[in-house]
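J.: This is the structure I want to talk about, given as structure tokens.
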Amino acid sequence: MQIKWLDDLLAVSEWKNFSRAAEVRCVTQSALSRRIKSLEEWVGAELVDRGTYPVQLTPAGRTFCEEGREALAGLMRLRSSLREVERMPGRSIQVTAGHSLSMTFLPKWLKQFQLHNEQFNARVVAANIHDAVISLEEGSCDLMIVYHHLLAPILLDSERFGSLTLGHDAFIPVCAPDRDGNPLYPLPGTSSKTVPHLAYTATTFLGRVADIVIKNGPTACMLERCYEADMTMLLMRMAVEGYGVAWLPQSAVMDELQRGQLVKAGGDEWCTRLEIRSYCSITNENPTMRSLWKALEGASRDLHGKTAS
Numbered sequence: 001m002q003i004k005w006l007d008d009l010l011a012v013s014e015w016k017n018f019s020r021a022a023e024v025r026c027v028t029q030s031a032l033s034r035r036i037k038s039l040e041e042w043v044g045a046e047l048v049d050r051g052t053y054p055v056q057l058t059p060a061g062r063t064f065c066e067e068g069r070e071a072l073a074g075l076m077r078l079r080s081s082l083r084e085v086e087r088m089p090g091r092s093i094q095v096t097a098g099h100s101l102s103m104t105f106l107p108k109w110l111k112q113f114q115l116h117n118e119q120f121n122a123r124v125v126a127a128n129i130h131d132a133v134i135s136l137e138e139g140s141c142d143l144m145i146v147y148h149h150l151l152a153p154i155l156l157d158s159e160r161f162g163s164l165t166l167g168h169d170a171f172i173p174v175c176a177p178d179r180d181g182n183p184l185y186p187l188p189g190t191s192s193k194t195v196p197h198l199a200y201t202a203t204t205f206l207g208r209v210a211d212i213v214i215k216n217g218p219t220a221c222m223l224e225r226c227y228e229a230d231m232t233m234l235l236m237r238m239a240v241e242g243y244g245v246a247w248l249p250q251s252a253v254m255d256e257l258q259r260g261q262l263v264k265a266g267g268d269e270w271c272t273r274l275e276i277r278s279y280c281s282i283t284n285e286n287p288t289m290r291s292l293w294k295a296l297e298g299a300s301r302d303l304h305g306k307t308a309s
């Protein structure tokens, strides 16, 4: 039995819809269905009544949810107390950040922030957005820093978690240049000359954003999926080697753009803007985190003021 199967069942119980529950759990609907089926096989009883709409749990499912929720909460409390013992000494916070942000934005942001604020120690864990959200919800981290996009929102309870804007990043299509410095695979391509697409795997956040950009483009984009990965840096290396076009955060490819190893494969109509957001539990009791969050609130107000002006 895997803990994530119980989280899947709890999501189905809450949203009463497999499609919505799959979106919240950041998996495909078919993957969610398979995991629920695996849980039912482990329990030895049918937990979901698939003949009802909206979806309902069976009596066994409701009992398992109630007992499972309490058992899971107990495990999380135990893990939290054990991790507290392992917390870094002195003023410290635990940070979970998106993979690309942990390598590009976060080091520079921490350095600049601590130049003008109180010093603190930080333990940073890089994760995909799904795992980062779970870490925040379970209290395994004090601060979560991830990308946000208006059309692919992160579904967190605003009564439990606060969010602040730390900055912005461009999300752009890039590819290797030809001998003249022009894109080797210019967008949008044609039916006779499709563009090889270096794509994110289906359940990733940036993959959803890329799909939105492609869908909302000014014309049909003739793409042929030739490679998939769940990490920005892997797609960037494939693009540098000339395998195709990838949509990547501009901060992740700034050096390659400046060296001429990559060029934009299309105009602004194929780009979008990403927001860099920080999230924290409203009930977080770490005094270092509370002090940091207060400073972040002031910085966020300044950022919005500059944007407005």
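In case it helps, UniProt numbering puts the sequence shown at residues 1 to 309.
Even for Gly, the Cβ is constructed at its ideal location relative to N, Cα and C.
Sort 242, 29, 64 and 31 by Cα distance to residue 44 and report the nearest one.
T.: The residue with the shortest Cα to Cα distance from residue 44 is 64.
J.: Apply the 10 Å Cβ neighbour rule to residue 19 and answer buried if 16 or more other Cβ atoms are within range, or exposed otherwise.
T.: exposed
J.: Can the beta-carbon of residue 201 be found less than 7 Å from the beta-carbon of residue 275?
T.: No; because the gap between Cβ atoms is not below 7 Å, this pair is not in contact.
J.: Return yes when the Cβ of residue 288 is within less than 7 Å of the Cβ of residue 113, no when it is not.
T.: no
J.: Could you check whether residue 251 and residue 169 sit closer than 7 Å to each other, using their CB atoms as the reference points?
T.: yes
J.: Residue 99: buried (16+ other C-beta within 10 angstroms of its C-beta) or exposed?
T.: buried
J.: Going by other Cβ atoms of all chains shown within 10 Å of its Cβ, with 16 needed for buried, is residue 238 buried or exposed?
T.: buried
J.: With residue 113 as the anchor, note down where its alpha helix (DSSP H) starts and where it stops.
T.: 105 to 116
J.: Distance check for residue 260 and residue 181, CA to CA, integer angstroms please.
T.: 8 Å
J.: Output the distance between the C-alpha atoms of residue 139 and residue 69, rounded to the nearest integer angstrom.
T.: One C-alpha to the other measures close to 16 Å.
J.: Keeping to the same chain, check which residues put their C-beta closer than 7 Å to that of residue 240; ignore five residues upstream and five downstream.
T.: 176, 256, 261 and 262
J.: Tell me the residue span of the beta strand (DSSP E) that contains residue 252.
T.: First-last for residue 252: undefined, no H or E at that position.
J.: Of the choices 290, 186, 24 and 229, whose alpha-carbon is the least far from that of residue 376?
T.: Residue numbering for the chain in the displayed model covers 1 to 309; residue 376 lies beyond these limits and cannot be assessed.
J.: Tell me the rounded alpha-carbon separation between residue 311 and residue 10.
T.: Past the boundaries of the shown model lies residue 311; the chain is included only from 1 to 309, so the question cannot be answered.
J.: Taking the alpha-carbon of residue 145 as reference, which of 4, 266 and 277 has the nearest alpha-carbon?
T.: 277
J.: Report the residue from 58, 203 and 232 whose alpha carbon sits nearest the alpha carbon of residue 28.
T.: 203
J.: Compare the Cα-Cα distances from residue 8 to each of 215, 159 and 130 and report the closest residue.
T.: Shortest Cα-Cα distance from residue 8 to any of 215, 159 and 130 involves 130.
J.: Got a sec? Which residues, its chain only, sit under 7 Å from residue 207 by beta carbon, not counting five neighbours each side?
T.: 199, 200 and 201
J.: For the stretch 120 to 145, list the beta strand (DSSP E) runs that are entirely contained and at least 3 residues long, ordered along the chain.
T.: 121 to 127
J.: Between the Cα of residue 61 and those of 40, 73 and 167, spot the shortest distance and give me the residue it belongs to.
T.: 40
J.: For residue 160, which residues in the same chain have their Cβ closer than 7 Å to its Cβ, ignoring the five residues on either side in sequence?
T.: Excluding positions up to five away in sequence, the list reads 281 and 282.
J.: Between the Cα of residue 91 and the Cα atoms of 47, 192, 75 and 142, which residue gives the shortest distance?
T.: Nearest option by C-alpha distance: 142.
J.: What is the rounded straight-line gap between the Cα of residue 155 and the Cα of residue 14?
T.: 13 Å
J.: As a quick exercise: from 171, 246 and 107, pick the residue whose alpha carbon is nearest that of residue 183.
T.: 246
J.: Rounded to whole angstroms, what is the Cα-Cα separation between residue 73 and residue 163?
T.: If I take the Cα positions, the gap works out to 24 Å.
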